[in-house]
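Colleague: This is the structure I have questions about; it appears just below.
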């Protein structure tokens, strides 16, 4: 059973376009993280969201945590080739502190 | 650079051999996590350790796999009698305290295991 579903699985766009990727679950998470992973490297943390309805911005990236803390979205404005990578969401539940559940990721390709 | 360190970065083993993967957490971090990643998939939790203790090994296969985090030295993920299905990238993460909403896990660059 996949607790975190990410969509789309693959996304290929042109430089300058906007995009949104989603992370959905039927479970409630105490916190949710978004990571970006490049080929051959480990995931790099982008943001942690904790409060339902929370919105965080990181330059051209906007992260939102759903009101019920079951889902999240990542919106990228004016995508650049440097945004290319695997975007992973990961959730942690209070009863299982220390164990994060990862989605299978969205592979983003931004063409120049 | 005080990030999470993993070695080796690449490891090739023949079926039946043993694989030992090492992870040195960030300075000041006493919690270590091991994850496995297959191509184009997310990370699957394997085990969570604190110094000298295994806290959660619910994601670890019951046979051939073991992990330790001794008082001194790196955490070790050990795979005995490797099979082709063990080929994957193995990532270690560390945190200052227990994960979830109270702390952040920082990942190492991973060890890519290939079983011939």
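Residue numbers (the working numbering), protein chains in the order written: chain X, 394 to 505; chain Y, 4 to 119. No residue lacks a Cβ here, since even glycine has one placed at the ideal position from N, Cα and C.
Taking C-alpha atoms, which residue in X:420, X:504 and X:427 lies nearest to residue 414 of chain X?
Modeller: For the residues X:420, X:504 and X:427, the minimum Cα distance to residue 414 of chain X belongs to X:427.
Colleague: In or out: residue 41 of chain Y buried (at least 16 other Cβ within 10 Å) or exposed?
Modeller: Under this definition residue 41 of chain Y is an exposed residue.
Colleague: With distances taken between CB atoms, is the gap from residue 410 of chain X to residue 485 of chain X smaller than 7 Å?
Modeller: No; because the gap between Cβ atoms is not below 7 Å, this pair is not in contact.
Colleague: From the beta carbon of residue 505 of chain X, is the nearest beta carbon of chain Y less than 7 Å away?
Modeller: Chain Y, which has no Cβ nearer than 7 Å to the Cβ of residue 505 of chain X, makes this no.
Colleague: Quick one: list the residues of chain Y neighbouring residue 481 of chain X, beta-carbon separation under 9 Å, in chain order.
Modeller: Per Cβ cutoff of 9 Å: 45 and 46.
Colleague: So is residue 476 of chain X in contact with chain Y if we call contact Cβ pairs under 7 Å?
Modeller: No, its Cβ sits nowhere closer than 7 Å to a Cβ of chain Y.
Colleague: Contact between the stretch 440-455 of chain X and the stretch 7-23 of chain Y is defined here as three or more beta-carbon pairs at a separation below 8 Å; is this criterion met?
Modeller: As far as the Cβ criterion goes, the stretch 440-455 of chain X does not touch the stretch 7-23 of chain Y, which means the pair count is below three.
Colleague: Mind checking which residues open and close the beta strand (DSSP E) that includes residue 479 of chain X?
Modeller: From DSSP, the beta strand (DSSP E) with residue 479 of chain X extends over 478-485.
Colleague: If we cut at 7 Å on Cβ distances, does residue 434 of chain X have a partner in chain Y?
Modeller: Yes - at least one Cβ of chain Y is within 7 Å of the one on residue 434 of chain X.
Colleague: Applying a beta-carbon distance threshold of less than 8 Å, which residues of chain Y neighbour residue 498 of chain X?
Modeller: Neighbours of residue 498 of chain X on chain Y, chain order: 43, 44 and 45.
Colleague: So, under 8 Å CB-CB, residue 493 of chain X and residue 48 of chain Y are touching, yes? Tell me the CB distance rounded to an integer number of Å.
Modeller: That belief holds up - the Cβ atoms of residue 493 of chain X and residue 48 of chain Y are roughly 7 Å apart, short of 8 Å.
Colleague: Under 8 Å, with one C-beta from each stretch per pair, do the stretch 70-83 of chain Y and the stretch 11-26 of chain Y reach the 3-pair mark?
Modeller: The stretch 70-83 of chain Y vs the stretch 11-26 of chain Y: in contact.
Colleague: Let me make sure I understand the geometry here. Which of Y:18, Y:53, Y:38 and Y:67 has the alpha-carbon closest to that of residue 99 of chain Y?
Modeller: Per the Cα distances, Y:53.
Colleague: Does chain Y have any CB closer than 7 Å to the CB of residue 449 of chain X?
Modeller: No, residue 449 of chain X does not count as interfacial toward chain Y.
Colleague: Please confirm if residue 410 of chain X has its CB atom under 7 Å from at least one CB of chain Y.
Modeller: No, no contact with chain Y.
Colleague: Taking a cut of 7 Å between CB atoms, which residues from the stretch 66-86 of chain Y lie near chain X?
Modeller: Answer set for the stretch 66-86 of chain Y: empty.
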